[in-house]
Amino acid sequence: MGREDTYAFRLRPLLKWIVAGAAQLWLFILALLLWQGEAIPVHTYLSALFFVALFTAVFVFYSGLTISVDRYGVTYRGLFSFRTYPFDSILKMEVHDGLSGRSYDVFTKRGMLHFSSFIQDHARLFDLIADRADLKRRGRIVGV
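Numbering (our numbering), first residue to last: 181 to 324.
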């Protein structure tokens, strides 16, 4: 099997750029506060700085998030973590619908992998995992 048999799934680009926009908005607010300068309490600066740091960190995290499926299994790559789950270690999948969309829990012998509808083409990711781990035939999918 070649490289064409590897599928990579990332966060929806729009969501990533909304978070980047929020970081820029708070950076602009911080710049306005610094420009105004006088009679502004220190905690106001710290609050704006906190939100700049928060949204920047979330953007960096989302930018590095990848879930890939190849002939060996499912691989999660995060900012500080890397885990591969072979298909024969996948025990079952649960699907839940909620206010923020659909979420998927993949239970394996090595722990749990979670992803949501924030991942672009999440339904295809679900189908690839379910098919390659033979979960549909074995009746190991809950909530679909």
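Ideal Cβ positions, reconstructed from N, Cα and C, are used throughout, including at glycine.
Which value, in whole angstroms, describes the spacing of the CA atoms of residue i and residue j?
{"i": "G281", "j": "Y242", "result": "17 angstroms"}
{"i": "M181", "j": "D250", "result": "Note that M181 has pLDDT 46, beneath the 50 cutoff, so the model's placement of it is unreliable and the number below is only indicative. So the two alpha carbons sit approximately 9 angstroms from each other."}
{"i": "H223", "j": "L259", "result": "30 angstroms"}
{"i": "T186", "j": "R318", "result": "24 angstroms"}
{"i": "Q216", "j": "I209", "result": "11 angstroms"}
{"i": "D277", "j": "S283", "result": "6 angstroms"}
{"i": "L214", "j": "F262", "result": "40 angstroms"}
{"i": "K289", "j": "Y252", "result": "15 angstroms"}
{"i": "E218", "j": "R192", "result": "41 angstroms"}
{"i": "S227", "j": "V199", "result": "17 angstroms"}
{"i": "R320", "j": "W197", "result": "36 angstroms"}
Do you know whose CA, among the options, lies nearest residue i's CA?
{"i": "I247", "options": "S296, L213 and G323", "result": "S296"}
{"i": "L315", "options": "T264, I299 and D268", "result": "D268"}
{"i": "L279", "options": "L212, T288 and F298", "result": "F298"}
{"i": "F287", "options": "Q300, A310 and T186", "result": "A310"}
{"i": "Y225", "options": "T255, A237, A211 and R257", "result": "A211"}
{"i": "L195", "options": "F262, F239, A219 and Y252", "result": "F239"}
{"i": "G244", "options": "L213, G323, F189 and G217", "result": "F189"}
{"i": "V322", "options": "H294, G291 and D285", "result": "D285"}
{"i": "L207", "options": "T236, E218 and L191", "result": "T236"}
For the ligand ADP, is there any heavy atom lying closer than 7 angstroms to the beta carbon of residue i?
{"i": "A211", "result": "By its list of ligands, the structure shown contains no ligand whatsoever, and the ligand ADP lies outside what it can speak to."}
With DSSP as the reference, please indicate the residues paired to residue i in a beta bridge.
{"i": "F295", "result": "Y284"}
{"i": "T264", "result": "T255"}
Below 8 angstroms, can you find three or more Cβ-Cβ pairs linking the segment 271-286 to the segment 306-321?
-> yes
Say whether the segment 194-207 touches the segment 223-235, bearing in mind that this needs 3 or more beta-carbon pairs closer than 8 angstroms, one atom from each stretch.
-> Flag = yes, the segment 194-207 and the segment 223-235 touch.
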